[in-house]
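Residue numbers (this note's numbering), protein chains in the order written: chain A, 1 to 202; chain B, 1001 to 1197; chain C, 2001 to 2523; chain D, 3001 to 3353. Here a beta-carbon is modelled for each residue, glycine too, at the ideal position from N, C-alpha and C. Report on one structure; see the data block that follows.
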Amino acid sequence: MRYAAYTCRMSEFALILLSAVLVNNFVLTKFLGICPFLGVSSKVETAVGMSLAVLFVMTLASTASWLVQEFILIPFDLMYLQTIFFILIIAVLVQFIEMLIHKSSPVLYQALGIFLPLITTNCAVLGVALLNVQKEQTFMTSALYGFGSALGFALVLLLFAGLRERIDKAPVPDAFKGSAVSLITAGLMSLAFMGFSGLVKV
Amino acid sequence: MNILMAILTLGGLALIASIVLAIASRVFHVEGDPMIERIDAVLPQTQCGQCGYPGCVPYATAVAGGEADVNQCVPGGERAMLAIADLMGVAPKEVEEDAGVPMLAFVREDECIGCTLCIKACPVDAIIGAPKQYHTVIEDHCTGCTLCVEPCPVDCIDMVEKTQVLEEWTWSAPGKRPALENANQNSDEVKHASGTA
Amino acid sequence: MLPALLKRFGLNQLWPTAGFPGGVHPVEHKITADSPIIELPLPPQLILPLKQHIGEICAPLVEVGEHVLRGQKIAKSQGYVSASVHAPTSGTVVAIQDHAIPHPSGMGRPCMMIEPDGKDTFDESRPPISDYRNADPAEIRERIRMSGIVGLGGAVFPTFIKMLRDQRNPVQMVILNGAECEPYLTCDHRVMLEHAADVLRGMDVIMHAVNAKNGVIAIEDNKPDAIAVMRGAIEAAGMKDVEVRSLPTRYPQGGEKQLIQTLTGKQVPEGRLPLHIGVLCQNVGTALAIHDAVCLGMPLIQRVVTVSGDAIPNPANVRVRIGTPIPFVLAQCGLQDLSGVRLIHGGPMMGERLPRTNVPLVKSTNGILAMKREALYSEQAVEEPCIRCGHCVEVCPVGLVPNELAWHCRNDQFDRGQEYNLFDCIECGCCSYVCPSHIPLVHYFRYAKGQVAKIEKERVFAEQSKVRSEARDNRLAREQAERAARRSKVRKQHAPAADGVKKTAADTKKAATTTSKTEDDKA
Amino acid sequence: MSLLISSPHAHGGDSIRANMLAVILALLPAAGVATYLFGWLAVFLILLCMLGCMAAEWGCLKLMKRPLSRVGDGSAALTGLLLALTLPAAIPWWMALVGCVAAIVLAKQVYGGLGHNPFNPALAARVVLLISFPLNMTSWLVPMHAPMLAALPPVDLYNFGDCWSLFWFGPEALGKGLDAITMASPLGHVKTEWSRGIGAIEALRNYDYSYLDAFLGREAGSLGETSVLALLIGGIYLLARHTITWHIPLSFIVTVYVLAAVFNAVNPEHFAPPLFHILAGGLMLGAFFMATDPVSSPVTPRGQLIFGIGCGILTWSIRTFGGYPEGVMFSILLMNCAVPLIDHYFRPRVYGK
């Protein structure tokens, strides 16, 4: 009985991850976080740094916001201040982490330090916090959801950066140069990701 | 009452956060990275001053400080501009002046009066000669900066094209095919610079 | 039947096969394979470039107007990597001046012009080492160096350097390269057929000089007659430690590294020489030249060249004195009018098109192809966009991704190019040969290699300029400081120091400390 | 005039046009089967798509002021043919034209034309159509020869006049609804039955499914995807001609087979048998003609293997668990996204390193 419950939990976790990464991909299905998706995808190298930073921040943001929600907003009945609280707590957290990394590991800072301030109050990050509250997740599932969404973002960002490196060197007609062709590419990627719809019914 | 509660909580949280950040910024303070040296490293070091700054290090300093544009280095051309833009993380800009073919300073020795003014002007000590004697440019050291041309009181310094030798010849890109039209196919004599690519 | 079918579908690559990966099968066009080597007459004038090898240029030993003998050394090698030049016949030196040489740029180099006297008197100052088996290996090596012998396969690397006897890397195997994988070329083929015994003796000299145990003569299986003749010669000479290996016909089988991989299964590690895996590889023509130098006392003054191509009326294999003008050679083969004809120096895969026709034949000339202009692919090809078919990846014998590499080179992204192993390219031309979009891939790689070298040179120059500039600034600062110090000393005796002077002094001091700091950093 | 030109001075004689024509030739058996099954309708649709794509290509080149001769390289015609073969026969003509424009403009010329499109143009166009017109794109016309149907087909597709009206004016012109002349494809049937809780074996039984018919192509589906035999003939021709290599088709098909076999062994009632997966839907068309599109697939052999395996996993997963009955198209497009990264990370080993 307990074993069954355990495997059930495990498969639930796996489904949450799969759903967040592929089926309900933040960028291509929910259209959140488009700004960094377009802004930091011109090189695979920087996309890797950005992906790591997003993984870091989104996991952290979803857990921190869950804590704030549970221990401050609900007890004090301040639900209407949700957005402000979340922004504050995420921004502070990210700033703090950035300084910590800068001091402790120059290599890691080189890789993701410069991207951290870029995404502190990005809609994807705030979105994951708000969606968590909406879905009434537990601490574990909200952390997992944050991580999974970030993983989905990272996957798509890396694929997109690879494509853009190729497109940037192609003789794209003048009218479509730059973000136009990037957006068309993102659109076609989004169409391809439609194939995952229905894969996980959550 | 509710309003008060909200203000207190939010304010309290913000206060705590700001204190934490303030302390953290002191504790984790790090010196800025040496951008000037990195920019200087991609400059051609001609010290020519064509960027409007007296030498390469001053220009690098100006770029790092945000005073100068990334496209002011003439001898560095497009490549230096792209490298600087990449370092600074800004968009590349068009290079207005073309560096053209590499040039060398050449002193017409029979006209030289030995005033040493060009020697003083040369930023890389590429001109030798004592007062009242002919001066000569060391070809291997000359960067082609033209700074010596102006000070010469008798205008005996010319900028001449650097001659190309076979050992320095490299393939040009396909498409940008330089024709050898001028070269007569069956001529015996070959000047060093003829048929250059 | 089955292997052929598997190959047809590319399934033979499912498991590792012997030999190098990739390669192509160009149409052979070996139309001169059955033409015996013809001796060409002496031309009215010989043009001898003072550098026909990889390395330092030679210094002339004779003056204009001087009379020289056949085989007399006329230019001395300078530096270690260099090879002397010898007079191909007796005659008078008429000039030492720049003249066009066989080079894709069409540029010139210092050359020595000799007018033959027709007597062809031989310089007897170097007696043959007839009993080479009992001679000191160092003496043989010195003779090879003195004779100006370079690799005649096309690389023209001085041969004696390769023959180093090194205790740490003893040579296990000497490979004689008779693959001759380039289309059209048959000079090595004919040399093996007509001079089998001499070639074998040349190989024996090499094996003796480097104390090698085994010898392999590698011949592609499209030359069964050469294989048979060489086997017969080995039997006749009773050399038990030498064998002939028949290799599958596949370009570039004759590339040194590819040949070594086929024969030994080993790869020459990056940045090392074949010597480091105990292999010494020499061309068949080089072995003949070594035989001539050691057993006959004749330095490298002539070689066998294939004259072929669709514009040549009488294609032939000819033995020519080095320095013979190429138009003279072509005229002997029936081609007088060079208009509308393109000359290729070497084979069609790796040979260079000559922008000038009046150039001499040099040590590296293994073939001269005269092609009708409209039939020359490289001149007619129109580049189309890459469709990423991947054929270039399949045929690349060194495992590059040519299409991506060319893409980076084309966009001047040389860093990315080097990341994609630009400098491992051997320029064999397989990628361009198969490209359905007719992209001049090799040209892009050559361009990029040149640019990288140029950029590196500029970087070094910039560094030196910077050092000089800093030294000058230091010197100026020091002089100014000294002057200021002197002045303030003078002033102090009269009045309190002015503010301005103080400030300058402080500035110079500051400048001095910064520069010294940078110097410390460098140290 | 003499130019600086580099070696090699010889060439193997391959060209873009020869490659494109070879693929078109290899698709002729499949097009023949399509005509056998769908009569004049197949002819109309194939011609319309090929001409539509070439016209779109011509327009783009004209607008971009690029050499118009590129229309003749055969790539646009091939895209049109491939697109037509992936469409259901009953699709309205204007939808097919929208597909042509999407393929050439959106998926190809926007990126600079041949050689630069990251996605397979025909498949990108098909997915655009599928998302935009889901009903028409999943209604399969009853073919002329489908043994699992006892009755005669509702429309005589060998009748030129009927087909003409059907093609230009839709089924209403013949006084019929779309439902009346269409049926489910085997994959669609299995998916629908599964959503009703019926296992794959049972579903296939009540569809009257036969492996032989699927192999020969006597079943409902897109124009050119039904006949495995015809596609295999074309594929083997391309392999023998060395236009494509074995890496992608083999790894793609084997991966689908292995996955299906494993799951079928675990639960034979629930999961469809491997042979069904191999013969069903667009797998053969995708594996031999779509995934091997040189422009949008990896160039290195190892990369191609990874690409094929990825396609296989995604195809089987989407077919088995996803919302769509067929996953070949999505899987190839998804793997197309990953091609630059695959190309970068799966390069061959360099000599001496």
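**Message:** One question on the structure: do D/R3319 and D/H3277 come within less than 8 Å of each other, judged by their Cβ atoms?
**Reply:** The residue you call residue 3319 of chain D lines up with position 319 of the fourth sequence. The residue you call residue 3277 of chain D lines up with position 277 of the fourth sequence. A contact, by the Cβ cut-off of 8 Å.
**Message:** Helix, strand or coil, according to DSSP, for C/Q2413 in the structure here?
**Reply:** For the purposes of this step, residue 2413 of chain C is taken as residue 413 along the third sequence, with counting starting at 1. Looking at C/Q2413 - three-state DSSP - the assignment turns out to be coil, as it is neither helix nor strand.
**Message:** Below 7 Å on C-beta distance, what does A/A170 contact in chain D?
**Reply:** Here residue 170 of chain A is taken as the residue at index 170 of the first sequence, counted from 1. When 7 Å is used as the limit between beta carbons, A/A170 is near these residues of chain D: Y3111, G3112, H3116, in chain order.
**Prompt:** Taking 8 Å as the CB-CB limit, is C/N2283 close to chain A?
**Reply:** Counting from one through the third sequence, the residue named residue 2283 of chain C turns up at place 283. Chain A, which has no Cβ nearer than 8 Å to the Cβ of C/N2283, makes this no.
**Request:** Starting from A/L88, find everything on chain B with Cβ-Cβ shorter than 9 Å and list it in chain order.
**Result:** For the purposes of this step, residue 88 of chain A is taken as the residue at position 88 of the first sequence. The contacting residues are L1010, L1013, A1014, A1017.
**Asked** Taking Cβ-Cβ distances below 8 Å as the criterion, which residues of the region 2395–2411 of chain C are in contact with chain A?
**Response** The residues in question are W2407, N2411.
**Asked** Under a three-way DSSP split, which group does B/F1106 fall into?
**Response** Numbered from 1 along the second sequence, position 106 holds the residue referred to as residue 1106 of chain B. In this structure, B/F1106 counts as strand in the three-state DSSP scheme.
**Prompt:** When the cut-off is 8 Å and only beta carbons count, does D/P3008 lie next to chain C?
**Reply:** If you number the fourth sequence from 1, residue 3008 of chain D lands on position 8. Taking Cβ atoms only, chain C reaches closer than 8 Å to D/P3008, which makes this a yes.
**Prompt:** Can you name the residues of chain D whose CB is closer than 7 Å to the CB of C/Q2267?
**Reply:** On the third sequence, residue 2267 of chain C is found 267 positions in, with the first residue counted as 1. What C/Q2267 touches in chain D: Y3351, G3352.
**Message:** Less than 8 Å between CB atoms is the rule here; does B/T1146 satisfy it with respect to chain C?
**Reply:** If you number the second sequence from 1, residue 1146 of chain B lands on position 146. Output row for B/T1146: interface = no.
**Asked** For A/V133 versus A/L18, is the C-beta distance shorter than 8 Å?
**Response** The count along the first sequence starts at 1 and reaches residue 133 of chain A at position 133. The count along the first sequence starts at 1 and reaches residue 18 of chain A at position 18. In this structure, A/L18 does not lie closer than 8 Å to A/V133 by Cβ.
**Prompt:** In chain A, which residues lie less than 8 Å from D/I3318 when you measure between Cβ atoms?
**Reply:** Within the fourth sequence, numbered from 1, the residue matching residue 3318 of chain D stands at position 318. The contacting residues are G195, F196, L199.
**Message:** Does C/S2246 come out as helix, strand or coil in the three-state DSSP assignment?
**Reply:** Taking the third sequence and counting its residues from 1, one reaches residue 2246 of chain C at position 246. Three-state DSSP puts C/S2246 in a strand.
**Request:** Determine whether the Cβ of A/V21 lies closer than 8 Å to any Cβ atom of chain D.
**Result:** Here residue 21 of chain A refers to the residue found at position 21 when the first sequence is read from its first residue. No, A/V21 does not count as interfacial toward chain D.
**Euclidean distance between Cα positions of D/S3069 and C/R2459** = Working through the fourth sequence from its first residue, we reach residue 3069 of chain D at position 69. Working through the third sequence from its first residue, we reach residue 2459 of chain C at position 459. Going by the C-alpha atoms only, they are around 45 Å apart.
**Asked** Which residues share a DSSP beta bridge with D/M3183?
**Response** As a working note, residue 3183 of chain D is residue 183 in the fourth sequence. DSSP lists D/W3140 as partners of D/M3183.
**Item:** Endpoints, beta strand (DSSP E) assigned at B/E1037
**Value:** Position 37 of the second sequence holds residue 1037 of chain B. In the DSSP assignment, B/E1037 falls outside any beta strand (DSSP E) and lies within the alpha helix (DSSP H) extending over 1035–1042.
**Prompt:** In whole angstroms, what is the alpha-carbon distance linking B/E1167 and C/G2450?
**Reply:** Counting from 1 along the second sequence, the entry for residue 1167 of chain B is found at position 167. Counting from 1 along the third sequence, the entry for residue 2450 of chain C is found at position 450. B/E1167 and C/G2450 have their C-alpha atoms spaced approximately 11 Å apart.
**Asked** So which residues on chain B does A/F76 lean against when the C-beta distance must stay under 7 Å?
**Response** Reading the first sequence from its first residue, position 76 is the one you call residue 76 of chain A. What A/F76 touches in chain B: M1005, T1009.
**Prompt:** Can the beta-carbon of C/V2398 be found closer than 8 Å to that of D/Y3351?
**Reply:** As a first step, residue 2398 of chain C must be located in the third sequence, where it is residue number 398. As a first step, residue 3351 of chain D must be located in the fourth sequence, where it is residue number 351. Against a cut-off of 8 Å, the Cβ pair of D/Y3351 and C/V2398 comes out as a contact.
**Request:** Count the other CB atoms, across all protein chains shown, that sit within 10 Å of the CB of C/D2198; report buried if there are 16 or more and exposed otherwise.
**Result:** As a position in the third sequence, residue 2198 of chain C is number 198, starting the count at 1. It is buried - the Cβ of C/D2198 has at least 16 other Cβ atoms within 10 Å.
**Request:** Determine the contact status of C/C2187 and C/N2317, defining contact as a CB-CB distance below 8 Å.
**Result:** In the third sequence, the residue the question calls residue 2187 of chain C occupies position 187. In the third sequence, the residue the question calls residue 2317 of chain C occupies position 317. Going by C-beta atoms, C/C2187 is nearer than 8 Å to C/N2317.
**Message:** Taking the beta carbon of C/K2510 as the centre, do at least 16 other beta carbons fall within 10 Å, making it buried, or is it exposed?
**Reply:** Along the third sequence, read from residue 1 onward, the residue named residue 2510 of chain C stands at position 510. Here C/K2510 scores only 49 on pLDDT, less than 50, and its place in the model should not be relied on; the value that follows carries that caveat. C/K2510 comes out exposed.
**Asked** Quick one, are the C-beta atoms of D/C3053 and D/L3083 less than 8 Å apart?
**Response** Locating residue 3053 of chain D in the fourth sequence gives position 53, counting from the first residue. Locating residue 3083 of chain D in the fourth sequence gives position 83, counting from the first residue. Yes, the Cβ-Cβ distance between D/C3053 and D/L3083 is below 8 Å.
**Request:** Determine, using beta carbons only, whether C/V2442 and D/P3008 come nearer to each other than 8 Å.
**Result:** Residue numbering aside, residue 2442 of chain C sits at position 442 when the third sequence is read from its first letter. Residue numbering aside, residue 3008 of chain D sits at position 8 when the fourth sequence is read from its first letter. Yes.
**Request:** Determine the contact status of C/N2411 and A/K177, defining contact as a CB-CB distance below 8 Å.
**Result:** Sequence index remark: in the third sequence, residue 2411 of chain C carries index 411 (1-based). Sequence index remark: in the first sequence, residue 177 of chain A carries index 177 (1-based). Not a contact, by the Cβ cut-off of 8 Å.
**Request:** Using a Cβ cut-off of 8 Å (strictly closer), state whether C/Y2080 contacts chain B.
**Result:** Translated into positions along the third sequence, residue 2080 of chain C becomes position 80. Not a single C-beta of chain B is nearer than 8 Å to the C-beta of C/Y2080.
**Asked** Using Cβ-Cβ distances below 7 Å, what residues of the region 3053–3066 of chain D are close to chain A?
**Response** M3064
**Request:** Enumerate in chain order the residues of its own chain whose CB-to-CB distance from C/P2269 is below 8 Å, with the five nearest sequence positions on each side excluded.
**Result:** Numbered from its first residue, the third sequence carries residue 2269 of chain C at position 269. H2276, I2277.
**beta strand (DSSP E) segment containing C/V2216, residue limits** = Counted from its first residue, the third sequence places residue 2216 of chain C at position 216. Run containing C/V2216: 2214–2220, per the beta strand (DSSP E) assignment.
**Item:** Reduced DSSP secondary structure (H/G/I, E/B, other) of D/F3119
**Value:** Taking the first residue of the fourth sequence as position 1, residue 3119 of chain D is located at position 119. Coil, per DSSP.
**Asked** What are the partner residues of C/Y2251, as DSSP defines its beta bridges?
**Response** The sequence position of residue 2251 of chain C within the third sequence is 251, counting from 1. Bridge partners of C/Y2251 according to DSSP: C/V2024.
**Request:** Anything in chain D within Cβ reach of A/M203, meaning under 9 Å, just list it in chain order.
**Result:** Residue 203 of chain A is absent from the structure shown; chain A starts at 1 and stops at 202.
**Message:** I need the straight-line Cα distance from A/F26 to A/M79, nearest angstrom please.
**Reply:** Along the first sequence, read from residue 1 onward, the residue named residue 26 of chain A stands at position 26. Along the first sequence, read from residue 1 onward, the residue named residue 79 of chain A stands at position 79. If you take the alpha carbons of A/F26 and A/M79, they lie about 25 Å apart.
**Asked** Bridge partners of A/G148, per DSSP?
**Response** Residue numbering aside, residue 148 of chain A sits at position 148 when the first sequence is read from its first letter. Residue pairing for A/G148: DSSP places it in no beta bridge.
**Item:** Separation of A/D77 from B/G1066, as counted between CA atoms
**Value:** As a working note, residue 1066 of chain B is residue 66 in the second sequence. As a working note, residue 77 of chain A is residue 77 in the first sequence. Approximately 49 Å, taken between the alpha carbons.
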